[in-house]
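Undergrad:
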Amino acid sequence: MRERINNQIRAKELRLLDNEGQNLGILSIKDALELAQNKGLDLIEVSPNANPPIAKIMDFGKYQYELSKKLKKSKASSKPTETKSIQIKIATGDHDLELKAKNASKWLKEGHRIKVELFLVGRTKYMNEKFLKERLDRILHLITENYKVADSYKRNPKGLFITIEKAK
Numbered sequence: 001m002r003e004r005i006n007n008q009i010r011a012k013e014l015r016l017l018d019n020e021g022q023n024l025g026i027l028s029i030k031d032a033l034e035l036a037q038n039k040g041l042d043l044i045e046v047s048p049n050a051n052p053p054i055a056k057i058m059d060f061g062k063y064q065y066e067l068s069k070k071l072k073k074s075k076a077s078s079k080p081t082e083t084k085s086i087q088i089k090i091a092t093g094d095h096d097l098e099l100k101a102k103n104a105s106k107w108l109k110e111g112h113r114i115k116v117e118l119f120l121v122g123r124t125k126y127m128n129e130k131f132l133k134e135r136l137d138r139i140l141h142l143i144t145e146n147y148k149v150a151d152s153y154k155r156n157p158k159g160l161f162i163t164i165e166k167a168k
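Reading the sequence shown from the start, the letters are residues 1 to 168 in UniProt numbering.
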């Protein structure tokens with residue numbers, strides 16, 4: 001019973017910071033509200049889970065503006081990774097492979113994942129697995145950026161593919 005009463009008392013007190021961020025100590029909610037009204041500012045609870053909760057005296061409009069700015073900045077800095085796809089066939093020429101590898105290197109540098117597909121038609125679907133992997137490896141050897149294999153060689157109805165991503 002005594003612990004419950006102490007928790008209720010703590011909930012009526014809070015640690016107060018002024019608009020410059022300086023600690024004003026632990027005050028009752030009533031005193032904190034009076035102090036905020038005297039300065040013509042708002043009392044904002046910044047950290048409700050702290051013990052005691054932390055509140056700050058500042059302009060609420062300014063507080064909302066700063067929160068939205070932080071949110072925009074975090075969204076701008078985080079780029080979504082996309083899975084780019086490159087398709088080759090068994091008889092794709094060396095020059096075409098070099099161009100595709102150049103694009104793959106550029107995409108890896110940007111942080112995207114790349115799915116390299118060996119497109120198989122007709123009888124080529126039934127060729128030796130080792131031979132098909134060697135054909136797929138031709139383009140992987142031409143990629144200049146450091147990469148790691150995210151998904152190893154797998155078969156799908158269209159052929160064979162491998163997924164790579166930038167090495168950390």
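Quick reminder that beta carbons are idealized off the backbone N, C-alpha and C, glycines included.
Whole angstroms are fine: how far does the CA of PRO48 sit from the CA of SER85?
TA: Their Cα atoms are separated by approximately 47 Å.
Undergrad: Mapping the DSSP letters down to three states, classify ILE139 as helix, strand or coil.
TA: Helix at ILE139.
Undergrad: Out of LYS75, ALA91, ALA167, point me to the one whose CA is closest to ARG113's CA.
TA: Nearest C-alpha to ARG113: ALA167.
Undergrad: At which residues does the alpha helix (DSSP H) containing GLY61 begin and terminate?
TA: Taken as a continuous stretch (DSSP letters only), the alpha helix (DSSP H) holding GLY61 covers 60-77.
Undergrad: Cβ atoms of ILE164 and ARG135: under 8 Å apart, would you say?
TA: In this structure, ILE164 does not lie closer than 8 Å to ARG135 by Cβ.
Undergrad: Helix, strand or coil, according to DSSP, for GLY111 in the structure here?
TA: In the structure shown, GLY111 sits in coil (DSSP, three-state: anything other than H, G, I, E or B).
Undergrad: To which residues of the same chain is LEU17 closer than 8 Å at the C-beta, ignoring the five residues directly before and after it?
TA: Here the set comprises ASN23, LEU24, VAL46, ILE54, ALA55, LYS56, ILE57.
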